[in-house]
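**Student:**
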Amino acid sequence: MNQRRLFIASCVALIATAMSFAIRGDIMGQVQQELSLTDVQVGWILGAAFWGFGLSILFGGPLCDLLGMGTIMRLAAAGHIVGALLTIVSTNFTVFFLSTVVVGIANGLVEAAINPLIATIYAGNKTAKLTTLHAWFPGGIVIGGVLAFLMTQVGFGWKAKVLTLLVPSVIYFVMFMGQRFPATEREAAGVPFGDMFKELARPLFVLVWFCMILTAGTELGAGSWIPTIFNRVTQSATQAGILQVVWINMVMYLMRQFGHNVSHKIAPTGLIAVSALVAAVGLYLFSHATTVTAAFLWAGVFAVGIAFWWPTMLGITSERFPRSGALGLAVIGATGSFATALSGPVMGWISETHGTAQVLPIWSGLPLLLIVIFGAIYMVDKGKGGYKAEKIA
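Numbering follows this note's numbering, in which position 335 of the sequence shown is assigned residue number 322; successive positions increment by one, without gaps.
(1) Does the distance from the CB of Arg61 to the CB of Phe168 come in under 8 Å?
(2) Pick helix, strand or coil for His275, following the three-state DSSP scheme.
(3) Taking DSSP as the reference, what is the three-state secondary structure of Val392?
(4) By the three-class DSSP mapping on this structure, what secondary structure does Met162 have?
(5) Can you list, in chain order, the residues of its chain whose CB lies under 6 Å from that of Glu98, leaving out five sequence neighbours each side?
(6) Just to confirm before moving on: does the CB-CB distance between Val29 and Gln17 stay below 8 Å?
(7) Which same chain residues, not among the five before or five after Leu207, have their C-beta less than 7 Å away from its C-beta?
(8) What three-state label does DSSP hand His247 in the structure shown?
(9) Considering only the alpha carbon of each residue, which of Phe180, Ala260, Asp13, Thr4 lies closest to Val90?
(10) Would you please state the rounded distance, in angstroms, between the beta carbons of Glu306 and Lys113? I believe it to be under 8 Å.
(11) Could you tell me whether the stretch 343 to 354 touches the stretch 229 to 241, where touching means 3 or more Cβ pairs closer than 8 Å?
(12) Can Gly292 and Ser262 be called in contact, C-beta distance under 8 Å?
(13) Lys120: which of Thr299, Gly370, Pro309, Ala363 sits nearest, CA to CA?
(14) May I have the straight-line CA-CA distance separating Val422 from Ala100, to the nearest angstrom?
(15) Where do the ends of the alpha helix (DSSP H) carrying Arg11 lie?
(16) Report back the beta-carbon spacing between Ser211 and Gly331 to the nearest angstrom; my notes put them in contact at under 8 Å.
(17) Return helix, strand or coil for Val76, following the three-state DSSP convention.
(18) Please state the DSSP three-state secondary structure of Thr118.
(19) At the level of alpha carbons, what is the spacing between Asp52 and Ser311?
(20) In terms of alpha-carbon separation, which member of Met6, Ala36, Phe289 lies closest to Leu150?
(21) Count the other CB atoms within 10 Å of the CB of Thr205; is the residue buried (16 or more) or exposed (fewer)?
(22) Should Val88 be labelled buried (16 or more other beta-carbon atoms within 10 Å of its own) or exposed?
(23) Using a 10 Å radius around the Cβ and a threshold of 16 neighbouring Cβ atoms, would you call His247 buried or exposed?
(24) Tell me the rounded alpha-carbon separation between Ser338 and Gln345.
(25) Quick one: residues in its chain with C-beta nearer than 7 Å to the C-beta of Ser399, no 5 flanking neighbours on either side, listed in chain order?
(26) What does the alpha-carbon distance come out to for the pair Gly144 and Val133?
(27) Return yes when the Cβ of Ile68 is within less than 8 Å of the Cβ of Leu153, no when it is not.
(28) Use the C-beta contact count for Ala323: other C-beta atoms within 10 angstroms, 16 or more gives buried, fewer gives exposed.
(29) Tell me which residue opens and which closes the alpha helix (DSSP H) that Ser338 is part of.
(30) Output the boundary residues of the alpha helix (DSSP H) element that contains Val193.
(31) Take the Cβ of Thr340 as the centre, count every other Cβ of all protein chains shown within 10 Å, and call the residue buried at 16 or more, exposed below.
(32) Report all residues from its chain with a CB closer than 8 Å to the CB of Gln166; omit the five preceding and five following residues, and keep chain order.
(33) Does DSSP put Asn236 in a helix, in a strand, or in coil?
(34) Can you tell me the Cα-Cα spacing of Lys252 and Lys375, whole angstroms?
(35) Rounded to whole angstroms, what's the CA-CA distance from Leu258 to Lys148? Just pull it up for me.
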């Protein structure tokens, strides 16, 4: 088993996933005009990306044990390649919607397989390696966003942008070819399949599951609305909101890539509690920024706060509930995706009911709950001798 090759291929697969989100978001305006789509149809297309993502994570997790992680990753690569090709031949809503579903499923299969894969091959260093791995989601957003922006400047159309998705897809498909994949940690330890479901009923797991709604809703929910809110509130003539997204994801990439060992210096539960305070302050002050400089400053603070959340939540799940196996990671990942999909309409309702400028100040209250919950878990763990990763006998 080539441990390093599997890790690098997983990173490239995550880049493909992130690029698909960035590029599809960039091209929707042009696609809507060329294919004569209504706003409702655009809403269905954007929603399909998240729902397909979440559902395939949820069902792909248990399939990692039944089919093997290698099979899941090959199916994901095939989905990315077929989905990209189907997208560029789309001539109407139905075909474009179907292509979005295919790519969304591929994205979910990637997330469903790479998390238990990395948790298995780096069993003694799960949170740090998951953090390094997930640096490439914001990294992929930056790559896709910048690439799409530059292609726009030189006159390339939306189909050419979609074709760029084939590059990382083919690379990770080739890198996974011929590789031996390990059994999942749960399977290798001989834990019965049914025991995965029992782990999901533990009170602490339910609490972590609820917190994933808060972390994903804050990170990706607010993140997806920031450019729109920034442009509306500041009446930006240059539509500089998209640059906020690139900036936030750049900061997150740097934090995850070069700060992944922070989980060894502070317990993961304490890390989320402390960073939640930073995120709440950054989001609240960003909502009151009146200049571009201030907006970039506080968006950067917000990015620092949320940078470690997604991989740390996965790390906590794998370390505290190892018997839940790929299913536990799939449930947490899918919950994050569904929370993101649902947060959009909720934030839209807040915008219509209280005014656009009030959305982020209200939303900044979500991290405050994380401070309380994870602060309490941290103190309980400390009373028992500190945070400890559970081992499967």
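Here a beta-carbon is modelled for each residue, glycine too, at the ideal position from N, C-alpha and C. Model, not experiment: these values are computed from the prediction.
**Tutor:** According to the structure data:
(1) Numbered from its first residue, the sequence shown carries residue 61 at position 74. Numbered from its first residue, the sequence shown carries residue 168 at position 181. No Cβ-Cβ contact shorter than 8 Å links Arg61 with Phe168.
(2) Taking the sequence shown and counting its residues from 1, one reaches residue 275 at position 288. Residue state, collapsed to three classes: coil.
(3) Here the chain has residues from -12 to 380 only, and residue 392 is not among them.
(4) Here the question's residue 162 lines up with position 175 in the sequence shown. The DSSP-derived three-state label of Met162 is helix.
(5) Looking up residue 98 in the sequence shown gives position 111. If we look at Glu98 and ignore the five residues flanking it on each side, its Cβ neighbours are Ile44, Gly320.
(6) Here residue 29 refers to the residue found at position 42 when the sequence shown is read from its first residue. Here residue 17 refers to the residue found at position 30 when the sequence shown is read from its first residue. No, Cβ-Cβ distance for Val29 and Gln17 is not below 8 Å.
(7) The residue you call residue 207 lines up with position 220 of the sequence shown. Excluding positions up to five away in sequence, the list reads Thr327.
(8) Position 260 of the sequence shown holds residue 247. Here His247 sits in coil by DSSP.
(9) Counted from its first residue, the sequence shown places residue 90 at position 103. Per the Cα distances, Thr4.
(10) Here the question's residue 306 lines up with position 319 in the sequence shown. Here the question's residue 113 lines up with position 126 in the sequence shown. At roughly 6 Å, the Cβ-Cβ gap stays under 8 Å, so Glu306 and Lys113 are in contact.
(11) Taking 8 Å as the limit for Cβ pairs, the verdict is that the stretch 229 to 241 does not touch the stretch 343 to 354.
(12) Numbered from its first residue, the sequence shown carries residue 292 at position 305. Numbered from its first residue, the sequence shown carries residue 262 at position 275. Yes; because the gap between Cβ atoms is below 8 Å, this pair is in contact.
(13) Your numbering for residue 120 matches position 133 in the sequence shown. A small fix is needed here, since residue 120 is Leu in this sequence, not Lys. Closest by alpha carbon: Thr299.
(14) The structure shown does not extend to residue 422, since the chain spans only -12 to 380, so no value can be given for it.
(15) As a position in the sequence shown, residue 11 is number 24, starting the count at 1. First-last of the alpha helix (DSSP H) with Arg11: -10 to 21.
(16) Reading the sequence shown from its first residue, position 224 is the one you call residue 211. Reading the sequence shown from its first residue, position 344 is the one you call residue 331. 7 Å between Cβ atoms; contact.
(17) Walking along the sequence shown from the start, residue 76 turns up at place 89. Val76 falls in the coil class under three-state DSSP.
(18) By 1-based counting over the sequence shown, the position of residue 118 is 131. DSSP places Thr118 in helix when its eight states are reduced to three.
(19) The residue you call residue 52 lines up with position 65 of the sequence shown. The residue you call residue 311 lines up with position 324 of the sequence shown. Rounded to the nearest angstrom, the two C-alpha atoms are 12 Å apart.
(20) Taking the first residue of the sequence shown as 1, we reach residue 150 at position 163. Selected option, being the one with the closest Cα: Met6.
(21) By one-based count along the sequence shown, residue 205 stands at place 218. By the 10 Å Cβ count, Thr205 comes out buried.
(22) By 1-based counting over the sequence shown, the position of residue 88 is 101. The residue is buried, with at least 16 neighbouring Cβ atoms inside 10 Å.
(23) In the sequence shown, counting from the first residue as 1, residue 247 sits at position 260. The residue in question, His247, is buried, as its Cβ has 16 or more Cβ neighbours within 10 Å.
(24) Here residue 338 corresponds to residue number 351 of the sequence shown, with the count starting at 1. Here residue 345 corresponds to residue number 358 of the sequence shown, with the count starting at 1. One C-alpha to the other measures close to 7 Å.
(25) Because the chain spans -12 through 380 in this model, residue 399 falls outside it and cannot be assessed.
(26) In the sequence shown, the residue the question calls residue 144 occupies position 157. In the sequence shown, the residue the question calls residue 133 occupies position 146. Answer to the nearest angstrom: the Cα atoms are 15 Å apart.
(27) Counted from its first residue, the sequence shown places residue 153 at position 166. Counted from its first residue, the sequence shown places residue 68 at position 81. Cβ atoms of Leu153 and Ile68: closer than 8 Å.
(28) Position 336 of the sequence shown, counted from the first residue, corresponds to residue 323. Before going on, a small fix: residue 323 reads as Gly here, not Ala. Classification for Gly323: buried.
(29) As a first step, residue 338 must be located in the sequence shown, where it is residue number 351. Where Ser338 is concerned, the enclosing alpha helix (DSSP H) stretches over 312 to 341.
(30) Reading the sequence shown from its first residue, position 206 is the one you call residue 193. The continuous alpha helix (DSSP H) containing Val193 extends over residues 190 to 203.
(31) Residue numbering aside, residue 340 sits at position 353 when the sequence shown is read from its first letter. Counting the other Cβ atoms within 10 Å of the Cβ of Thr340 gives fewer than 16, which makes it exposed.
(32) In the sequence shown, counting from the first residue as 1, residue 166 sits at position 179. Here the set comprises Met(-12), Asn(-11), Arg(-8), Leu(-7), Ala(-4), Gly57.
(33) Translated into the one-based positions of the sequence shown, residue 236 becomes position 249. Looking at Asn236 - three-state DSSP - the assignment turns out to be helix.
(34) Counted from its first residue, the sequence shown places residue 252 at position 265. Counted from its first residue, the sequence shown places residue 375 at position 388. Rounded to whole angstroms, Lys252 and Lys375 show a C-alpha spacing of 13 Å.
(35) On the sequence shown, residue 258 is found 271 positions in, with the first residue counted as 1. On the sequence shown, residue 148 is found 161 positions in, with the first residue counted as 1. Their Cα atoms are separated by approximately 38 Å.
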